[in-house]
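For the sequence shown, our numbering assigns the number 932 to the initial residue and increments by one for each residue that follows.
Don't be surprised by glycine CBs; every beta carbon is placed ideally from N, CA and C.
To start, the structure itself, in structure tokens.
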Amino acid sequence: MTLSPKEIAGRRAADFVRTGMTLGLGTGSTVHFTLLALGERIRAEGLRVRGVPTSLDTEHKARALGIPLASLDEVTSIDLTIDGADEIDPQFAMVKGGGGALLREKVVAAISRREVIVVGPEKVVPRLGSTFALPVEVAPFARPVVERALARLGCQPRLRTAKDGGRYLTDNHNEILDCRFADGIADPAALERAIDAIPGVVESGLFIGLAHVLVIGHPDGRAEVRER
Ligand code: 5RP
């Protein structure tokens, strides 16, 4: 049976986990396989870990798999976080938030000693913003103001809607503007500062200097591990 690149990457990242660790549990269809592997190791080898979930979806999946959970009240730092990405560049700067979990993912990444990112090869790009619109989480009250300010930064912001066309809200009850930059993002750090400075922005999907290890699953079955 051939495994998908997501499964190869997601499962390989679980090998970085050691007993006793406090983990950040990322969000998405690639991390899903990490969660499956962790559940298997807990049952097979008695692996002892506790995980801080970055979304309600991950919380539900982890509970169902028997992965013990902890909240940020109980945890001051995280040994290792495993998360996905929508794009990652050669400096390991990332666009995240395709699954809408960017705020919790960034908070967890910020207190993690090590962050391992799991992706398929199509997520590795020379320039951020070239394949994916940058998600920006906004307080609903401020959305029209933020939308105009983001457009002045050179993108086309588009309000995310739910799959059924209805209103989309994050786990934190905020909205998301997906911002497309025609020529990609030339200076991710400068853009992150500019977006963070807009009142009403809750968080941007730019993650800079937060990833340490990249695991790329390849269609031929290889898991490639790169260190920053
Ligand atoms: C969620 C994220 C995810 O990590 C990102 O969207 C990747 O997801 P997937 O592994 O399903 O492609 O940032 O907010």
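message = I'd like the list of long-range same chain contacts for His1143, defined as Cβ closer than 8 Å, with 5 residues on each side in sequence excluded.
response = Phe1023, Arg1045, Glu1046, Val1047, Glu1158 and Arg1159
Cβ pair count under 8 Å reaching 3, the stretch 1104 to 1118 against the stretch 1060 to 1068 = yes
Check whether the stretch 962 to 977 touches the stretch 991 to 998, counting contact only when three or more Cβ pairs, one atom from each stretch, lie closer than 8 Å. yes
Is there at least one Cβ from chain D nearer than 8 Å to Arg1035's Cβ?
-> Absent from the structure: chain D. Only one protein chain is present.
Problem - Beta-carbon proximity check, Thr953 vs Ile1009, cutoff 8 Å - result: yes
Query raised in the report: Among all residues, which have a Cβ less than 5 Å from at least one non-hydrogen atom of ligand 1, and in what chain order do they fall?
Result: Taking every residue with its beta carbon within less than 5 Å of a heavy atom belonging to ligand 1 gives, in chain order, Thr958, Gly959, Ser960, Thr961, Gly1015, Asp1017, Lys1027, Gly1028, Gly1029, Gly1030 and Ala1032.
For Arg942, tell me which candidate among Glu1078, Ile1013, Gly955 and Arg979 has the shortest Cα-Cα distance. Ile1013
Where do the ends of the beta strand (DSSP E) carrying Arg1111 lie?
Run containing Arg1111: Glu1106 to Arg1111, per the beta strand (DSSP E) assignment.
Beta-carbon proximity list for Arg974, same chain, < 8 Å, skipping 5 on both sides: Gly997
### Query
On the premise that Lys937 lies in contact with Gly1148, defined as a C-beta separation below 8 Å, what is that separation, rounded to the nearest angstrom?
6 Å
**Asked** Can Ile1019 and Lys1054 be called in contact, C-beta distance under 8 Å?
**Response** Between Ile1019 and Lys1054, the C-beta gap is smaller than 8 Å, which places the two residues in contact.
Item checked: Asp988 versus Gly982 - alpha carbon distance -> 13 Å
### Message
Between the alpha carbons of Pro1130 and Val1156, how many angstroms are there, rounded?
### Response
39 Å
Going by beta-carbon coordinates alone, are Thr958 and Ser1002 separated by less than 8 Å?
Cβ distance not < 8 Å, so Thr958 and Ser1002 don't count as in contact.
query: So what's Thr961 in DSSP terms, helix, strand or just coil?
result: Three-state DSSP puts Thr961 in coil, outside helix and strand.
Rounded to whole angstroms, what is the Cα-Cα separation between Ala1070 and Pro1088? 15 Å
Hey, could you find the ends of the alpha helix (DSSP H) Ala930 is sitting in?
The requested residue 930 is not part of the displayed model; the chain covers only 932 to 1159.
key: Collapsed DSSP secondary structure at Thr953 in the structure displayed   = Of the three classes helix, strand and coil, the one that applies to Thr953 here is strand, per DSSP.
- Item | Of the residues Glu1123, Phe964 and Leu978, the one placed nearest Arg949, counting alpha carbons only | Leu978
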